[in-house]
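K.L.:
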Amino acid sequence: MMIERVHEHIISELNTNTRTDTIFVLTAIILNLITLGINSGLASGENDSTATIVMLTFVVLILVVNFVAEIGLIRGRQMRRKLLDGLLRMYKDQGVEGYYNASLIGDYKTRYNLFMLAVLVTGIIAVVIPFIIR
70 MMIERVHEHI
80 ISELNTNTRT
90 DTIFVLTAII
100 LNLITLGINS
110 GLASGENDST
120 ATIVMLTFVV
130 LILVVNFVAE
140 IGLIRGRQMR
150 RKLLDGLLRM
160 YKDQGVEGYY
170 NASLIGDYKT
180 RYNLFMLAVL
190 VTGIIAVVIP
200 FIIR
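The sequence shown: position 25 = 94 (the working numbering), numbered continuously.
1. Using 8 Å as the threshold, is the segment 77-95 in touch with the segment 152-172, meaning 3 or more CB pairs across them?
2. Check TYR181 in the structure and name its three-state DSSP category.
3. Taking 9 Å as the threshold (C-beta atoms), are GLY175 and ASN135 in contact?
4. Would you identify the three-state DSSP class for SER113, choosing helix, strand or coil?
5. Do you know how far the Cα of ARG144 is from the Cα of GLY106?
6. By a C-beta neighbour count over all protein chains shown, 10 Å radius and 16 as the cutoff for buried, is GLY141 buried or exposed?
7. Would you check if the segment 182-200 and the segment 116-136 touch, i.e. whether three or more CB-CB distances between them fall below 8 Å?
8. Taking buried to mean at least 16 other C-beta atoms within 10 Å of its own C-beta, is VAL188 buried or exposed?
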């Protein structure tokens with residue numbers, strides 16, 4: 070009975086981890102794309118100091134949000150690894166480890182790296198392109 074509660078708790082934590090990671094990725098990418106549009110519009114307009122200040126403010130926002138998202142994804146990857154390690158030990162103790170392919174852990178690492186790359190690249194593009202236009 071207790072092992073079932075522990076199992077449910079680990080699965081619940083994994084689900085929460087997934088939702089949190091999704092929020093980090095979507096928030097960062099959406100902000101990057103919106104800021105790219107705003108700063109590109111400002112860059113193609115008049116070249117005054119107010120537009121430059123607004124553009125630089127958005128650049129700071131991009132940097133902060135992307136930094137938080139990257140740190141959140143790194144922590145999420147670490148947490149998922151710990152939870153899955155515990156789950157695998159539990160499965161081994163119960164004699165059902167053959168039903169979970171341990172190679173999935175490597176797949177999760179690849180997925181996290183791709184998420185982090187997507188956030189990083191969209192952030193770089195959102196910062197660089199408007200200044201090229203200008």
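Built from N, CA and C at the ideal position, the CB exists for glycine as well. Note that the structure is predicted; figures quoted are calculated from it, not measured.
P.N.:
Working from what's here:
1. yes
2. helix
3. no
4. helix
5. 30 Å
6. buried
7. yes
8. By the 10 Å Cβ count, VAL188 comes out buried.
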